[in-house]
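Under the numbering used here, the sequence shown has 1005 at position 86, and the numbering climbs by one with no breaks. All C-beta atoms, glycine included, are put in the ideal place defined by N, C-alpha and C. Here the structure is a predicted model, which is why all the values come from computation and not from measurement. Taking it in order: structure first as structure tokens, then the write-up.
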Amino acid sequence: MYTGLQHAHSYLAYLVLLGVAISLISALAGLFGGKTFTEGSRKLGLLGLIPTHLQWVIGLILYFVSPLGVSNASGAAMKDATSRLYFLEHPLMMVLAVVLITIGYSKAKRQIGTNRGFKTIAIFYGLGLILILSRIPWNAWPGN
């Protein structure tokens, strides 16, 4: 089961990046195109929100069952960059990214009929994407 969760978490990352990127690009296009934020625009925001939440749930389970997660937390692990990434930096940044993306979607869905929904998604999803990209363990990325 652990190996299956690892693979799901690793490969779902592609879907998360794709969904957040599509939502962000769509929001930027609507914002700079002077369009009105519609129900369809809100649904495009879900392309980033849903896989991000699914990824977070799988990651949370992995954090508690993986030998690289919470069981690895110690003073010695803080001195090792790889251990620190897996038990502290990666989970913390991903939780912050999920929170930002969730706030962005929640605020934007109340802005249907205005242009502000695009700006809200662009800001919050953009910040979330930056956090995600900053703490992906690239050396363990599938295909490397």
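Helix, strand or coil at residue i [DSSP, three-state]
i: Lys-998; result: helix
i: Lys-954; result: coil
i: Asn-1034; result: coil
i: Pro-1010; result: helix
i: Ala-1016; result: helix
i: Leu-1046; result: helix
i: Ile-1055; result: coil
i: Ala-1041; result: helix
i: Ser-992; result: The question names Ser, but residue 992 is Ala in the sequence shown. Correct three-state label for Ala-992: coil.
Residue from the options whose Cα sits closest to the Cα of residue i
i: Ile-1051; options: Thr-957, Gly-953 and Trp-975; result: Trp-975
i: Lys-1028; options: Gly-1047, Leu-987, Met-997 and Glu-958; result: Glu-958
i: Leu-1015; options: Ser-1053, Gln-1030 and Gly-964; result: Ser-1053
(request) Please list the segments of the alpha helix (DSSP H) lying wholly inside the segment 920 to 981, counting only runs of 4 or more residues, in order along the chain. (result) You should have 921 to 951.
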